[in-house]
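Undergrad:
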Amino acid sequence: MSDITIDFSKKIGNVKIMHAVNNGPHVSRGDQCRGNQDTYRAARIPYARVHDAAFHAQYGGEHTVDVHAIFPNFDADVNDPNSYDFPCTDNYIAQMYEFGTKPFYRLGSKIEHGVKKYGTLPPKDNLKWAQICEHIIMHYNEGWANGFNYGIEYWEIWNEPDLDPDDSTNKRCWGGTEAEFAEFYVTASSYLKKRFPRLKIGGPAIAWNEDWLERFFERVRGREIALDFLSWHWYGVEPNKMSEKGTRIYDIAKRYGYSGFESILNEWNYVQGWGDEFLYSIEQMISIKGAAFVAACMCAAQANPKIDMLMYYDARPTAMNGMWDFYTFRPLKGYYPFLMYSKLFELENSVAYETADPDLYVSAATNGEKSAAMIVHYAEDDSKKGKKVTVDLKGANLDGAKIYVVDENNTMVECLTSRVENGQLSIWLKRNSIILIEK
Numbered sequence: 002m003s004d005i006t007i008d009f010s011k012k013i014g015n016v017k018i019m020h021a022v023n024n025g026p027h028v029s030r031g032d033q034c035r036g037n038q039d040t041y042r043a044a045r046i047p048y049a050r051v052h053d054a055a056f057h058a059q060y061g062g063e064h065t066v067d068v069h070a071i072f073p074n075f076d077a078d079v080n081d082p083n084s085y086d087f088p089c090t091d092n093y094i095a096q097m098y099e100f101g102t103k104p105f106y107r108l109g110s111k112i113e114h115g116v117k118k119y120g121t122l123p124p125k126d127n128l129k130w131a132q133i134c135e136h137i138i139m140h141y142n143e144g145w146a147n148g149f150n151y152g153i154e155y156w157e158i159w160n161e162p163d164l165d166p167d168d169s170t171n172k173r174c175w176g177g178t179e180a181e182f183a184e185f186y187v188t189a190s191s192y193l194k195k196r197f198p199r200l201k202i203g204g205p206a207i208a209w210n211e212d213w214l215e216r217f218f219e220r221v222r223g224r225e226i227a228l229d230f231l232s233w234h235w236y237g238v239e240p241n242k243m244s245e246k247g248t249r250i251y252d253i254a255k256r257y258g259y260s261g262f263e264s265i266l267n268e269w270n271y272v273q274g275w276g277d278e279f280l281y282s283i284e285q286m287i288s289i290k291g292a293a294f295v296a297a298c299m300c301a302a303q304a305n306p307k308i309d310m311l312m313y314y315d316a317r318p319t320a321m322n323g324m325w326d327f328y329t330f331r332p333l334k335g336y337y338p339f340l341m342y343s344k345l346f347e348l349e350n351s352v353a354y355e356t357a358d359p360d361l362y363v364s365a366a367t368n369g370e371k372s373a374a375m376i377v378h379y380a381e382d383d384s385k386k387g388k389k390v391t392v393d394l395k396g397a398n399l400d401g402a403k404i405y406v407v408d409e410n411n412t413m414v415e416c417l418t419s420r421v422e423n424g425q426l427s428i429w430l431k432r433n434s435i436i437l438i439e440k
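First residue of the sequence shown: 2, per the numbering used here; consecutive thereafter.
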């Protein structure tokens, strides 16, 4: 009996976007001798959320993306182009498009850990804040103020308003109360949706608190809001728990009468905990274990019909970037799940698979002419060993298919010791390893 069975004749839906990220490429220009633009382009990353871009100087730093950076004087005339400071964000957005990625625009502010808050405080006037955002959208989609006609689809309102409770003395993402946020979201989302009915307006990018989300929906019940997508965050170590949270988040919104929305996990990474465990977590993010975790999460989310998109945190140079070394900008092990998954995404049609092994994760696709499968052996338990895995490949002729391996010792290396013969593959998978089969 095979450990995995994949049937390429049974199409079960689209290959979803599980290989989006937060933030765009670090582009080498002028006297900047290093960059990751070539490998960024090669991964064919479909979307990049622009949250926390202001932390990175090469993107434009404090002058980039955030609403209070683009419109620095809240008392200025909202209709006057001179009230806005667009150049750094213009350059950042243009770089994304240049290297094949669409922006997912977060309206609001980066997280603020400092003793004084700037962009995370509730606006003095919710309607004016929405009108400022209206003009930002006009600049990028309607050419206003010497702008562009990009057609940016996704516009997210705020980030992690639930991160800190109402009585916290250090509110890092939303400086007001839960009730104030609900009023803010009602005003901003309904205004922007009426102004731009064809765009996707959503949020609120909750950090973790499902009870907070319940209370939010209670407060906005019966009121007009835009929820084209529901965004949420998760950090952990078990891909199946990520999937289970996605189901709960979706079901909460459904209970309050929302339908037709996309469920988007737009911050996630390997984190055992935020205390003493965080050092270990950072070490794993840049290791093969972190890479296998990423690939396993992609497979688990692809299999869950209640999750529509994943956006990894983070592709900018930061300690939580497992994709590139941010001194050399050479790809790390964690880059390759994105490269592998992009090959599945191009084939469009997800196909059926079966496995009873909790340490094996699978995603496979076909376009009728070409077929591919990504198989992951991921284990949080560091004492687990590798295993011999047999794969039954049905519904397509993959005999002689190329097999690429990413493990502790190999990085996208073609396997020459195992091959598909008569629709069968027998291969040794190290603990925390990924293979791509394609033909």
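Beta carbons: idealized from backbone N, C-alpha and C, even for Gly.
Could you tell me whether the stretch 285–294 touches the stretch 221–236, using the rule of 3 or more Cβ pairs below 8 Å?
TA: These segments do not touch.
Undergrad: With distances taken from CA atoms, which of S372, P166 and F218 is nearest L186?
TA: This sequence places Tyr at residue 186; Leu is not what is there. The residue with the shortest Cα to Cα distance from Y186 is F218.
Undergrad: Tell me the rounded alpha-carbon separation between T367 and A373.
TA: Cα to Cα, the separation comes out at about 6 Å.
Undergrad: Would you list the one or two residues that DSSP bridges to N80?
TA: N80 pairs with nothing; no bridge assigned.
Undergrad: Provide the residue(s) that pair with M375 in DSSP beta bridges, ordered along the chain.
TA: S364 and L437, per the DSSP bridge assignment.
Undergrad: Can you name, in chain order, every residue of its own chain whose Cβ lies under 6 Å from the Cβ of Y48, other than the five neighbours on each side?
TA: For Y48, where only same-chain residues beyond five positions count, the Cβ hits under 6 Å are A21, K103 and F105.
Undergrad: Counting pairs of Cβ atoms below 8 Å between the stretch 355–365 and the stretch 309–327, do you hit three or more?
TA: Touching, no, given that fewer than three Cβ pairs across the two stretches are closer than 8 Å.
Undergrad: Just to confirm, is the Cβ distance from N80 to D315 under 7 Å?
TA: No. Outside cutoff.
Undergrad: What is the residue span of the alpha helix (DSSP H) that R107 lies within?
TA: Not the alpha helix (DSSP H): R107 falls in the beta strand (DSSP E), residues K103 to L108.
Undergrad: Residues in its own chain within less than 6 Å of S351 by CB, not counting five upstream and five downstream?
TA: Excluding sequence neighbours, S351 sits near I13, G14, V16 and A366.
Undergrad: Roughly how many whole angstroms lie between the Cα atoms of N305 and A297?
TA: Spanning the two alpha carbons is a distance of roughly 13 Å.
Undergrad: How many angstroms separate the CA atom of K307 from the CA atom of N241?
TA: Taking the straight line from one Cα to the other gives about 13 Å.
Undergrad: With H, G and I counted as helix, E and B as strand and the rest as coil, what does DSSP make of R50?
TA: Strand.
Undergrad: Pair every Cβ in the stretch 335–350 with every Cβ in the stretch 37–46, then say whether three or more of these pairs are closer than 8 Å.
TA: They touch, by the three-pair rule.
Undergrad: Quick check: what's the CA-CA separation for A183 versus R30?
TA: A183 and R30: Cα-Cα distance of roughly 43 Å.
Undergrad: Between the stretch 421–438 and the stretch 401–408, do at least 3 Cβ pairs fall closer than 8 Å?
TA: Cβ pair count under 8 Å is three or more, so yes.
Undergrad: Give a yes or no on whether the C-beta atoms belonging to T65 and T90 are separated by under 7 Å.
TA: Yes, Cβ-Cβ distance for T65 and T90 is below 7 Å.
Undergrad: Restricting to runs no shorter than 3 residues, where is the beta strand (DSSP E) found entirely within the stretch 206–270?
TA: DSSP runs (the beta strand (DSSP E)) wholly in the stretch 206–270: 230–237.
Undergrad: A146 and P73 - do their beta-carbons sit closer together than 7 Å?
TA: Going by C-beta atoms, P73 is not nearer than 7 Å to A146.
Undergrad: Within this structure, are the beta carbons of V390 and D86 separated by less than 7 Å?
TA: The answer is no: Cβ separation not under 7 Å.
Undergrad: From the DSSP secondary-structure annotation, give me the bridge partner or partners of T356.
TA: T356 pairs with I5.
Undergrad: Using alpha carbons as the reference points, say which of Y141, N150 and A380 lies closest to V238.
TA: Comparing Cα-Cα distances from V238 to each of Y141, N150 and A380, the minimum goes to A380.
Undergrad: Output needed for Q285: all residues of its chain with C-beta closer than 7 Å, excluding positions within five of it in sequence on either side, in chain order.
TA: The residues are Y271 and G291.
Undergrad: Using 7 Å as the threshold, is the C-beta distance between E415 and D400 below it?
TA: No, they are not a contact pair.
Undergrad: What separation, rounded to the nearest whole angstrom, lies between the Cα atoms of W159 and L426?
TA: If I take the Cα positions, the gap works out to 47 Å.
Undergrad: Measure the C-alpha to C-alpha separation of L333 and G223 and round it to an integer number of angstroms.
TA: If you take the alpha carbons of L333 and G223, they lie about 48 Å apart.
Undergrad: In angstroms with no decimal places, state the Cα-to-Cα distance between A70 and E63.
TA: Rounded to the nearest angstrom, the two C-alpha atoms are 7 Å apart.
Undergrad: If you draw a straight line from the alpha carbon of Y192 to that of N127, how long is it in whole angstroms?
TA: One C-alpha to the other measures close to 10 Å.
Undergrad: Between P124, V68 and Q38, which has its C-alpha nearest G101's C-alpha?
TA: Residue Q38 is the option with its Cα nearest to G101.
Undergrad: For E135, count neighbouring Cβ atoms within 10 angstroms of its own Cβ and tell me buried if that reaches 16, exposed if not.
TA: Buried, since its Cβ has 16 or more Cβ neighbours within 10 Å.
Undergrad: Contact defined as beta carbons within less than 8 Å: I believe F295 pairs with G323. What is the distance between those atoms, to the nearest angstrom?
TA: Per the sequence shown, the amino acid found at residue 295 is Val instead of Phe. Confirmed, Cβ separation roughly 7 Å.
Undergrad: Among the residues of its own chain, which have a CB less than 6 Å from the CB of D449, if the five just before and after it don't count?
TA: Here the chain comprises residues numbered 2 to 440, so residue 449 is not present and cannot be evaluated.
Undergrad: Relative to the alpha-carbon of R50, which residue among S84, I94 and Q59 has its alpha-carbon at the smallest distance?
TA: Comparing Cα positions, the closest option is I94.
Undergrad: Measuring CB to CB, does S264 end up less than 7 Å from A301?
TA: Going by C-beta atoms, S264 is not nearer than 7 Å to A301.
Undergrad: A189 lies in the alpha helix (DSSP H); which residues open and close that run?
TA: Start and end: E179 to R196.
Undergrad: How would you label T121, buried or exposed, when you count the other beta carbons within 10 angstroms and need 16 or more for buried?
TA: Buried is the call here.
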